[in-house]
Ligand code: FES
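Residue numbers (the numbering used here): 6 to 162.
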């Protein structure tokens with residue numbers, strides 16, 4: 006995992022965004038695309054740049070499911086919460102993975118090796134129910150398959 010960005014790096018990253026121009030979301034997307042998450046320091050850097058409060062920025066970060074406030078784990082299982090995947094038994098897949106990983110949705114292991122993340126439909130509904138492992142579709146899952154997958158992720162070094 007890379008080092009934390011410095012205050013100067015964060016400042017430079019969002020330097021082009023301006024207050025009062027609807028730049029909050031673009032600035033937050035820039036941070037997340039660059040670092041994979043939006044740290045407390047990044048929230049403060051964005052707030053300073055846009056001349057607003059960290060509380061307002063934090064509220065925005067936590068409102069949108071796409072933003073995250075913690076560094077992503079090395080291996081991330083993203084569970085699709087879309088309607089087609091739910092209809093195909095997605096809830097049972099989620100429960101099986103949560104149980105096997107011993108993590109709630111949104112949680113990650115203490116060592117940061119793996120985590121379980123909430124995802125939205127990306128249009129690959131024909132492979133329902135599905136998860137993505139670091140972005141790669143693992144579709145047509147059964148409960149047994151989901152448990153196997155979670156065990157593999159948990160055991161991987
Ligand atoms: S509902 Fe899961 S990919 Fe569309």
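Ideal Cβ positions, reconstructed from N, Cα and C, are used throughout, including at glycine.
Keep in mind that this is a model prediction, so the values were computed, not measured.
With a cut-off of 8 angstroms, does the C-beta of residue i fall near any C-beta of chain D?
i: residue 140; result: This model lacks chain D altogether; it includes just one protein chain.
Ignore the nearest five residues each way along the sequence and tell me which others in residue i's own chain have a CB closer than 8 angstroms to its CB.
i: residue 16; result: 50, 53, 54
Does the separation of the CB atoms of residue i and residue j fall below 8 angstroms?
i: residue 163; j: residue 119; result: The question about residue 163 has no answer here: the residues shown for the chain are numbered 6 through 162.
i: residue 140; j: residue 122; result: no
i: residue 148; j: residue 89; result: no
i: residue 18; j: residue 65; result: no
i: residue 42; j: residue 91; result: no
By DSSP's criteria, residue i is part of a beta bridge. Which residues make up the other side?
i: residue 90; result: Its beta-bridge partners do not exist; DSSP assigns none.
i: residue 80; result: 119
i: residue 85; result: 124
i: residue 35; result: DSSP lists no partner for residue 35.
i: residue 138; result: 82, 141
i: residue 113; result: 120
Using a Cβ-based criterion (distance less than 7 angstroms to any ligand heavy atom), does residue i qualify as near the ligand FES?
i: residue 90; result: yes
i: residue 83; result: no
i: residue 127; result: yes
i: residue 87; result: yes
i: residue 37; result: no
i: residue 130; result: yes
i: residue 133; result: yes
Just to confirm my understanding: we take residue i, look at its own chain, exclude 5 residues before and 5 after, and list those with CB closer than 6 angstroms. What are they?
i: residue 99; result: 84
i: residue 36; result: 43, 47
In chain order, what residues of the same chain lie with their CB nearer than 7 angstroms to the CB of residue i, ignoring the 5 residues before and after it?
i: residue 161; result: 80
i: residue 56; result: 24
i: residue 48; result: 59, 62, 63, 66
Does the count of Cβ pairs from the region 92 to 106 and the region 123 to 137 closer than 8 angstroms reach three?
-> yes
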